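What follows is a single structure, written as structure tokens, with notes after it.
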Amino acid sequence: MTEILKNIFKSQVDFEGVKNLDQFVQTFSQLYSIDLFKDGLDLILTKLKEKDLRFEVKIIKGWDTNLGCYLTEQNKVFNKIFGNFSTNLKKTIILRQMTCSLMAHEMAHALEFESGINLGEEFRQAIAYDMKGRSPEIITLKAEVQRLMVDALKAYPQHQFLSELFARYFELLSISRNVKSTGDFATSDVMSFFENTTKFISQIFNQQIQRKIDQKIAAHTLEITSQIKLEMPKQKFQERVESVQKKSQGSWSKGIKSNASWQAGWQKSQELEDKK
549 MTEILKNIFK
559 SQVDFEGVKN
569 LDQFVQTFSQ
579 LYSIDLFKDG
589 LDLILTKLKE
599 KDLRFEVKII
609 KGWDTNLGCY
619 LTEQNKVFNK
629 IFGNFSTNLK
639 KTIILRQMTC
649 SLMAHEMAHA
659 LEFESGINLG
669 EEFRQAIAYD
679 MKGRSPEIIT
689 LKAEVQRLMV
699 DALKAYPQHQ
709 FLSELFARYF
719 ELLSISRNVK
729 STGDFATSDV
739 MSFFENTTKF
749 ISQIFNQQIQ
759 RKIDQKIAAH
769 TLEITSQIKL
779 EMPKQKFQER
789 VESVQKKSQG
799 SWSKGIKSNA
809 SWQAGWQKSQ
819 ELEDKK
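Numbering (the working numbering), first residue to last: 549 to 824.
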């Protein structure tokens with residue numbers, strides 16, 4: 549299975565400095581321990597196989613402050629046969645570190661682009677239900693949510709907030725102990741707190757991108773999924789519930805029948821908040 553991935557990656561990954569394809573493939577493969585991410589990873593492989601996406605692994609320079617980014621660039625190519633110019637889109641994921649968290653974050657931006665989905669609709673409602681006036685009961689998860697999804701957003705303009713929250717949800721999953729054995733919380737802890745966001749990914753986003761996935765790749769990566777998963781360690785004492793406070797607001801995922809019902813639920817919750 550590793551050889552299949554190497555064959556897909558080898559012509560689509562450029563290394564600045566030492567070439568380490570084995571480490572790259574291993575890091576990518578580890579993300580398959582997140583079941584929710586499988587469709588997204590399969591689509592990334594599909595785009596690489598189609599030569600419609602590239603990775604660039606660069607050396608960190610002293611002045612670098614951005615560890616990664618996803619770039620799209622329009623290029624005009626002259627067609628000698630038809631005597632005219634055609635436009636193609638160059639898509640590149642740039643990484644200055646080979647870590648699961650950075651890779652997950654930047655690939656999420658690429659997947660948002662490939663999906664064509666509007667994050668200002670269902671995703672906005674889902675993430676708002678999950679985060680507004682709430683924080684995780686597990687102390688370590690609470691700290692990471694604050695760091696990644698609250699404090700870090702202060703460096704971004706408001707119009708980028710939803711895109712960053714989308715990418716940081718996957719980044720949060722990638723630092724769980726299911727991916728990294730020394731992680732301080734489980735993937736299930738993240739998915740439980742972000743219940744509505746998880747429903748959006750599984751029932752809306754993944755459904756939309758599945759039709760774009762090479763089904764041969766999807767079948768091949770089932771083997772990776774079964775091989776790569778780490779045994780779930782027991783919860784540590786310091787991760788236990790910080791308080792016995794129960795959830796008090798409704799769930800976006802329970803009213804998943806139509807856009808109208810989501811919108812009504814969102815408006816109702818806003819009205820309740822305004823009356824407080």
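All residues carry an ideal CB built from backbone N, CA and C; glycine is no exception. Since the structure is predicted, the reported quantities are computational estimates derived from the model, not experimental observations.
7 Å Cβ shell around K554 - same chain, five flanking residues per side excluded: L569, V573
Beta-carbon spacing of D678, N744 below 9 Å: yes
DSSP three-state assignment for I723, whether helix, strand or coil: coil
G731 vs A656 beta-carbon contact at 9 Å: no
Check whether T773 and S581 have beta carbons under 9 Å apart: yes
Counted within 10 angstroms of its Cβ, other Cβ atoms place P684 as buried (16 or more) or exposed: buried
Reference A658; option with closest CA among E771, L591, I765, T735: L591
Reference V509; option with closest CA among M651, V605, F709: In the structure displayed, the chain extends from 549 to 824; residue 509 sits before or after that span and is not available.
Residue burial classification, T550 (beta-carbon count within 10 angstroms, cutoff 16): exposed
N- and C-terminal bounds of the beta strand (DSSP E) containing D562: 561 to 563
Beta-carbon gap between I776 and S577 smaller than 9 Å: yes
Distance CB(R682)-CB(K639) smaller than 9 Å: no
Own chain partners of F671 with C-beta closer than 6 Å, once the 5 adjacent residues on each side are dropped: F748
Buried or exposed by the 16-neighbour rule on C-beta atoms within 10 Å, applied to K599: exposed
Where the alpha helix (DSSP H) containing E771 begins and where it ends: 763 to 776
DSSP three-state assignment for Y618, whether helix, strand or coil: strand
Below-9 Å beta-carbon distance, N754 vs any chain B residue: Of the protein chains in this structure there is only one, and it is not chain B.
Every unbroken alpha helix (DSSP H) inside the region 629 to 693 [4 residues or more]: 648 to 663, 670 to 679
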